[in-house]
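Please read the structure below before turning to the comments.
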Amino acid sequence: MSAMRRFAARLRFVTPARPTHTAPMSVVLPAACAGAPSVDDAALDVLAAALDQRDPDTDAHCGRVSQLAALLGTHCDLGPQALGDLALAARFHDVGKIGIPDGVLLANRALEARDWDVMRTHPARGERLFLATAREDATRVARLIRHHHEAVDGSGYPDGLRGTQIPLECRVLSVVDAFDALTSRRPYRAPMPARAAMRRLGEAVGHQLDADVFAVFERLLSRVQALPV
Ligand SMILES: [Fe+2]
Numbered sequence: 000m001s002a003m004r005r006f007a008a009r010l011r012f013v014t015p016a017r018p019t020h021t022a023p024m025s026v027v028l029p030a031a032c033a034g035a036p037s038v039d040d041a042a043l044d045v046l047a048a049a050l051d052q053r054d055p056d057t058d059a060h061c062g063r064v065s066q067l068a069a070l071l072g073t074h075c076d077l078g079p080q081a082l083g084d085l086a087l088a089a090r091f092h093d094v095g096k097i098g099i100p101d102g103v104l105l106a107n108r109a110l111e112a113r114d115w116d117v118m119r120t121h122p123a124r125g126e127r128l129f130l131a132t133a134r135e136d137a138t139r140v141a142r143l144i145r146h147h148h149e150a151v152d153g154s155g156y157p158d159g160l161r162g163t164q165i166p167l168e169c170r171v172l173s174v175v176d177a178f179d180a181l182t183s184r185r186p187y188r189a190p191m192p193a194r195a196a197m198r199r200l201g202e203a204v205g206h207q208l209d210a211d212v213f214a215v216f217e218r219l220l221s222r223v224q225a226l227p228v
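Residue numbers (numbering that gives the first Met the number 0): 0 to 228.
Dropping the structure here:
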């Protein structure tokens, strides 16, 4: 097993176990977020349960991305509150997909332009869902959810923010979101090895991804790579 594959396996290991449907759902956030406001919140449990029932693969992806985002965020000079916001935003970044019709969300085909128009509504849908929790941090976290598909060259959505107009938390989220999307199994393709995924992400630096955040992620991977398994 290559070092990068071992790293990917380690990431899987730290992903919280998926709760069974016979037990209460709970939102598990990374230990790095210990200073964040309490996540013992029924509204979050409802959101997580709803996303899991709508699309278990998306819910699992959000759980992994939350873990990765907290790990990367701790190396990107984010304070405790920002880390907590980031972990929560990552956990629910795709919750707006609850509102995407089956014909688009679960399509087993390449999406057409009109399908993408629908799919691109999920950040704003997620923003509205998280605001409905009425949590103390709802405004901050919902803003991060809204902007998780912005791109540093301004080609992202929904607002076409560019560079540092995009919150740092979102630039962190973009890197780990893309990494998990490539390295996890999808119905239509096998998981990409971590090294190949990093090459692919490197091609998106300066367009979709922030160069500094990507460099931190690369260094983080190389350090983890050196650890014994
Ligand atoms: Fe998304």
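The beta-carbon is built from N, C-alpha and C at its ideal position, and this holds for glycine as well.
The structure displayed is predicted, hence computed values, not measured ones.
I think residue i touches residue j, with their Cβ atoms under 8 Å apart; what is that distance to the nearest whole Å?
i	j	result
Asp84	Arg139	5 Å
Ala128	Leu46	The residue you asked about is not Ala; residue 128 is Leu in the sequence shown. That belief holds up - the Cβ atoms of Leu128 and Leu46 are roughly 6 Å apart, short of 8 Å.
His146	Ile165	6 Å
Cys75	Val212	6 Å
Leu50	Phe216	Going by Cβ atoms, the distance from Leu50 to Phe216 rounds to 25 Å, so no, they are not a contact pair.
Leu172	Ala89	5 Å
Taking the alpha-carbon of residue i as reference, which of the options has the nearest alpha-carbon?
i	options	result
His170	Asp101, Ala195, His60 and Arg142	With the sequence shown as reference, residue 170 is identified as Arg, and His is not the correct amino acid for it. Of the candidates Asp101, Ala195, His60 and Arg142, the one whose C-alpha sits nearest the C-alpha of Arg170 is Arg142.
Asp40	Arg188, Gly78, Ala131 and Gly72	Ala131
Leu87	Glu111, Gly62, Asp209 and Gly78	Gly62
Alpha carbon to alpha carbon, how far is residue i from residue j?
i	j	result
Ala109	Ala123	23 Å
Ala81	Glu168	7 Å
Ala196	Pro186	18 Å
Pro220	Pro190	For the sequence presented, residue 220 should be read as Leu rather than Pro. Spanning the two alpha carbons is a distance of roughly 18 Å.
Gly153	Arg222	32 Å
Gly159	Ala150	7 Å
Ala48	Gly95	13 Å
Tyr156	Asp116	11 Å
His121	Ile99	7 Å
Asp114	Ala210	30 Å
Pro55	Val174	22 Å
Arg134	Pro79	17 Å
Which residues does DSSP list as the beta-bridge partners of residue i?
i	result
Arg188	Arg185
Val204	Leu208
Flag this pair as touching only if the segment 177 to 191 and the segment 61 to 76 have three or more C-beta atom pairs under 8 Å; answer yes or no. yes
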